[in-house]
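Numbering (my numbering), first residue to last: 24 to 222. Backbone N, C-alpha and C define an ideal beta-carbon position, used for all residues, glycine too. Since this is a predicted model, take the numbers as computed values, not measurements. As structure tokens, the structure follows; a few thoughts come after it.
Listed below in structure tokens is the structure:
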């Protein structure tokens, strides 16, 4: 598949994984680790520019993703929470990028087919944000226009990315996908064992 040169993907893998008890990015899910699944779903859909935001145990994550050809962005402010990692990733996007996917490593089993369907349904100049929806519930990864970049970079107390996107709900577009994994979070050991059943 041709690469989508004006679309990037940001994978968030900087947190402590406190509730899990084990470091989520490196958890094994079948033949791949969680972070590899998250990266590969984009690469296999033709996204050439995938950037992984790291913080806690940065070198361990970088060792896994560098051979995949991803960019690695270190977020020194990762203890401040996920929004700081979103900002760190967005800050590095090339000026030519029109939209970017955002995926926490907590949601690692999104399929290539889902990413392709989001790409096919519209371009960032048509919609501000495109959400995959399963059974009426929005999931990950949203495809977000870079027109919101300045708001994201300046947003300090707006409810994080969710709050910023809520201001642009009139520009949002939902696309139904046959992929429950867009909703499947991996925060606890129970969540992890549940994900194993989807492999």
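Local conformation of residue i per DSSP, three classes
| i | result |
| --- | --- |
| residue 154 | strand |
| residue 199 | strand |
| residue 42 | coil |
| residue 28 | coil |
| residue 166 | strand |
| residue 34 | strand |
| residue 100 | coil |
| residue 133 | coil |
| residue 105 | helix |
| residue 149 | coil |
Residues that residue i bridges to, as DSSP identifies them
| i | result |
| --- | --- |
| residue 78 | 80 |
| residue 114 | The partner list for residue 114 (beta bridge, DSSP) is empty, contrary to what the question assumes. |
| residue 55 | 52 |
| residue 73 | 32 |
| residue 160 | 157 |
Contact under 9 Å by Cβ, residue i with residue j
| i | j | result |
| --- | --- | --- |
| residue 217 | residue 206 | no |
| residue 106 | residue 79 | no |
| residue 128 | residue 115 | no |
| residue 238 | residue 215 | Outside the displayed span of the chain (24 to 222) sits residue 238, for which this structure offers no information. |
| residue 138 | residue 33 | no |
Limits of the unbroken beta strand (DSSP E) element including residue i
| i | result |
| --- | --- |
| residue 123 | 122–127 |
| residue 97 | 94–97 |
Span of the alpha helix (DSSP H), counted from its first residue to its last, around residue i
| i | result |
| --- | --- |
| residue 186 | 183–189 |
| residue 175 | 172–177 |
| residue 213 | 212–219 |
heavy atom of the ligand HEM below 8 Å from residue i C-beta
| i | result |
| --- | --- |
| residue 132 | Inclusion of the ligand HEM in the displayed structure is not the case, the ligand content being empty and no account of it being possible. |
For the structure I just gave you, are there three or more beta carbon pairs, one from the segment 157–169 and one from the segment 187–199, closer than 8 Å?
With the cut-off at 8 Å, the segment 157–169 and the segment 187–199 touch.
- Task: Give a yes or no on contact between the segment 159–169 and the segment 86–96, applying the rule of three or more CB pairs nearer than 8 Å.
- Result: Too few Cβ pairs lie closer than 8 Å, so no.
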